[in-house]
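Here's the structure we're looking at; comments come further down.
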DNA sequence: CGCGGTTTTGAAAGCGTGTGCAATCATGGT
DNA sequence: ACCATGATTGCACACGCTTTCAAAACCGCG
């Protein structure tokens with residue numbers, strides 16, 4: 025039923041080896057014979073079975089992409105860049121979606137069983153053990169958006185502290201005094217670094233956060249937490265959010281309460297997702313260098329796949345302040 | 025280097041077949057022997073090579089997912105549901121991203137070479153020829169968000185005309201008279217159906233579109249086109265957009281011009297993406313039943329993969345009006 | 001025409017797994 | 001104790017391809 029290399033060989037009157045060589049660039053085969061074989065193959069609708077090929081070749085051309093809830097604007101924006109980057113390198117993204125609560129390990133295990141050549145991990149927590157197991161299985165990984173403690177894997181990540189320092193400068197310049205924070209899940213790497221960075225930068229100016237609250241990085245949670253902050257007796261004059269989605273929710277909260285942004289309350293986020301620039305928001309935020317992150321991560325990964333040894337690399341990419349109108 | 029079934033067999037003192045059977049549910053093997061083998065396998069970090077397995081088994085467990093630009097909110101929202109649904113069925117999504125201009129065929133060809141068990145196509149145009157080739161290659165496809173003319177493949181799609189009829193009712197009920205349209209790319213299936221549906225439904229009320237413009241389904245294009253409409257000498261009192269992203273842009277345009285929504289101009293979209301409900305928008309729109317679409321599509325697909333013959337199915341899912349505040 | 005040297009070529013040995021088949025083993029009934 | 005029955009087990013082949021290796025074909029030149 026399925027047309028194989030043998031069928032093509034028989035039809036073209038050559039051996040199966042010849043067919044294989046016809047499809048292998050740079051293989052030793054007479055040009056006109058190759059042309060003939062390719063013609064016959066095309067006629068029969070034959071394409072080499074990549075599964076079988078990878079059985080001997082060693083490489084599958086698949087990259088596991090571990091990613092969180094895709095309806096979040098940041099994740100999908102990132103995945104867009106990442107998947108294009110993977111394809112641009114002649115590889116294919118095998119999607120491994122993990123829900124926020126889910127364990128990453130069984131899912132990644134399954135992907136490894138597909139003999140992926142490598143993995144980009146942008147969600148979930150990865151232990152050093154897991155990282156080592158992947159490498160041992162011949163699938164180097166690169167972690168994105170966080171840095172592994174043990175240093176078990178290459179990682180590339182935005183410099184969250186530097187970004188927050190920029191925001192702190194801006195807050196001080198704008199004369200804000202009561203500054204509140206809405207973070208994401210407490211154990212998240214980015215949440216820890218961003219909160220820590222903001223606290224440190226404010227302290228350098230003799231300021232401290234007036235209040236901290238916790239959302240879940242969703243717009244809705246930003247709305248809820250900001251409402252709580254803005255209806256309290258002592259209202260903050262600025263709210264810094266752990267990401268843009270929550271900041272957008274916070275702006276909605278301010279509007280609902282009839283407060284003007286930024287006059288009554290300044291609001292800013294982190295990431296600079298496309299929606300941040302939308303007119304009703306005009307969010308002042310810190311641009312997470314997604315394109316650079318993706319290309320650095322894939323460079324690292326392909327180099328490892330190519331067999332490069334050496335110590336784990338940790339790349340920190342500099343963010344940039346995007347001054348719009350919300351702060 | 026890589027640990028294989030032979031290694032496990034040698035270490036456990038059994039034949040390789042036994043190892044294979046230990047990992048095959050329902051295979052004939054003594055329970056305690058299976059347990060022992062699994063223990064040894066776990067110890068050695070062995071997992072069956074799915075590439076090799078699929079070589080004999082015939083199925084890979086991979087589903088190709090052809091999807092357009094993921095930074096668009098609708099596409100990513102859809103992919104979120106779809107990828108979860110695929111995994112929930114024990115399958116894995118192989119991502120095939122295609123940029124708007126790109127041809128779908130070469131990309132899908134490559135995915136077929138990976139011996140995917142099936143494909144969900146949510147972007148690009150698929151000819152009947154292509155559909156047949158996929159089926160011939162043992163990879164049934166299901167087209168989502170449009171219906172193939174020739175009927176070469178199963179498809180599931182929202183009833184765009186019914187959705188637009190609901191919007192037309194609402195427009196009439198709200199007393200709108202000068203109604204403008206901002207569509208997407210002209211040749212898109214959804215664009216054709218939605219525009220056609222709106223025109224027909226308005227005609228039934230003796231109304232016609234005052235003006236039609238064309239964006240590209242992005243928020244920015246909605247903004248641009250709406251600005252043009254709203255600054256023209258005869259301003260429309262309602263703008264219907266081909267999707268929510270453009271409607272959001274249209275709202276931004278109205279705000280920028282100091283027009284009140286919906287008092288001065290009513291605006292509505294299509295899809296009911298998560299952002300449509302965000303407070304500054306409160307977009308009146310038509311809910312595209314994404315969850316139902318995904319589950320219907322995957323049901324169809326798995327049934328075909330299971331070998332079900334029969335005529336192509338075309339499932340039309342009913343949309344629902346979401347009355348918010350923009351119209 | 002013969003010969004060393006350079007492609008081309010096909011046979012065959014894998015790659016890691018599932019599974020049909022025949023052999024083996026345990027079980028229970030007589 | 002013996003045989004029929006059914007559960008287990010291992011061998012060997014198949015899956016579709018790449019690649020090594022040695023044989024074959026070709027080349028120009030003496």
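Protein chains in written order, with our numbering: chain W, 25 to 351; chain S, 25 to 351. Each residue gets a CB set at the ideal place from its N, CA and C atoms; glycine is no exception.
- Here residue 249 of chain S is buried, its C-beta having at least 16 other C-beta atoms within 10 Å.
- Comparing C-alpha distances from residue 308 of chain W to each of W:285, W:323, W:165 shows the shortest one belongs to W:285.
- Within the same chain, 84, 85 come within 8 Å of residue 74 of chain S by CB-CB distance, once the 5 residues on both sides are set aside.
- Taken in chain order, the unbroken stretches of beta strand (DSSP E) that lie wholly in the region 253-334 of chain W and span 3 residues or more are 262-265, 290-292, 309-311.
- Under a criterion of Cβ atoms nearer than 8 Å, no residue of chain S is adjacent to residue 45 of chain W; the nearest Cβ is some 18 Å distant.
- Against chain S, the CB of residue 145 of chain W has no partner CB under 8 Å away; the residue lies outside that interface.
- Inter-residue distance for residue 227 of chain W and residue 175 of chain W is about 29 Å (C-alpha atoms, whole angstroms).
- Segment contact: the region 169-187 of chain W against the region 315-324 of chain W, three or more CB-CB distances shorter than 8 Å; contact assigned.
- Listed by position along chain W, the residues whose Cβ is nearer than 9 Å to that of residue 116 of chain S are 118, 119, 120, 134, 135, 138.
- Using a Cβ-Cβ cut-off of 8 Å, residue 75 of chain S counts as an interface residue toward chain W, since at least one Cβ of chain W sits closer than that to its own.
- Taking a beta-carbon distance threshold of 8 Å, residue 303 of chain S counts as an interface residue toward chain W.
- Taking a Cβ-Cβ cut-off of 9 Å, residue 31 of chain W has no neighbours in chain S, whose nearest Cβ is about 14 Å from it.
- Here residue 281 of chain S has 254 as same chain residues with Cβ atoms under 6 Å from its own Cβ, once five neighbours each way along the sequence are excluded.
- In the three-state reduction of the DSSP assignment, residue 127 of chain W falls in the coil class.
- Contact note: residue 276 of chain S reaches chain W through 302, 303, 304, using a C-beta cutoff of 7 Å and chain order.
- For the C-beta of residue 93 of chain W, the chain S residues within less than 7 Å are, from N- to C-terminus, 104.
- Annotation for residue 180 of chain W: the continuous beta strand (DSSP E) segment containing it runs 178-182.
- Taking one beta carbon from each stretch, the region 85-99 of chain W and the region 250-269 of chain W have 3 or more pairs nearer than 8 Å; the two touch.
- Contact between residue 132 of chain W and residue 90 of chain W holds, with the beta-carbon distance rounding to 6 Å and staying under 8 Å.
- For residue 187 of chain W, the secondary structure class from DSSP, reduced to helix, strand or coil, is helix.
- Annotation: residue 51 of chain W is outside any beta strand (DSSP E) and is labelled neither H nor E by DSSP.
- Counting only residues of its own chain and dropping the five nearest sequence neighbours on each side, residue 115 of chain W has a CB closer than 6 Å to the CB of 85, 87.
- Nearest C-alpha to residue 30 of chain S among S:111, S:68, S:50: S:68.
- Residue environment: residue 41 of chain W is assigned as exposed (fewer than 16 neighbouring CB atoms within 10 Å of its CB, all protein chains considered).
- Approximately 6 Å separates the beta-carbon atoms of residue 272 of chain S and residue 305 of chain S; this is inside 8 Å, confirming the contact.
- The continuous alpha helix (DSSP H) containing residue 55 of chain W extends over residues 55-68.
- Using a CB distance cut-off of 8 Å, residue 279 of chain W counts as an interface residue toward chain S.
- Rounded to whole angstroms, the separation of the alpha carbons of residue 62 of chain W and residue 55 of chain W is 11 Å.
- Per DSSP, the beta-bridge partners of residue 116 of chain S are S:86.
- Note that the C-beta distance between residue 218 of chain W and residue 188 of chain W is below 8 Å.
- Cβ contact annotation for residue 72 of chain W (same chain, cutoff 6 Å, sequence separation greater than five): 47, in chain order.
- Beta-carbon to beta-carbon, residue 163 of chain W and residue 192 of chain W are separated by about 40 Å, too far to satisfy the 8 Å threshold.
- Taking C-alpha positions only, residue 70 of chain W is separated from residue 149 of chain W by approximately 42 Å.
- Against residue 26 of chain S, the close residues of chain W are 161, 162, in the order they occur along the chain (beta-carbon pairs closer than 8 Å).
- In this structure, the beta-carbon distance from residue 235 of chain W to residue 198 of chain W does not fall below 8 Å.
- Pairing residue 222 of chain S with residue 303 of chain W, the inter-Cα distance amounts to about 28 Å.
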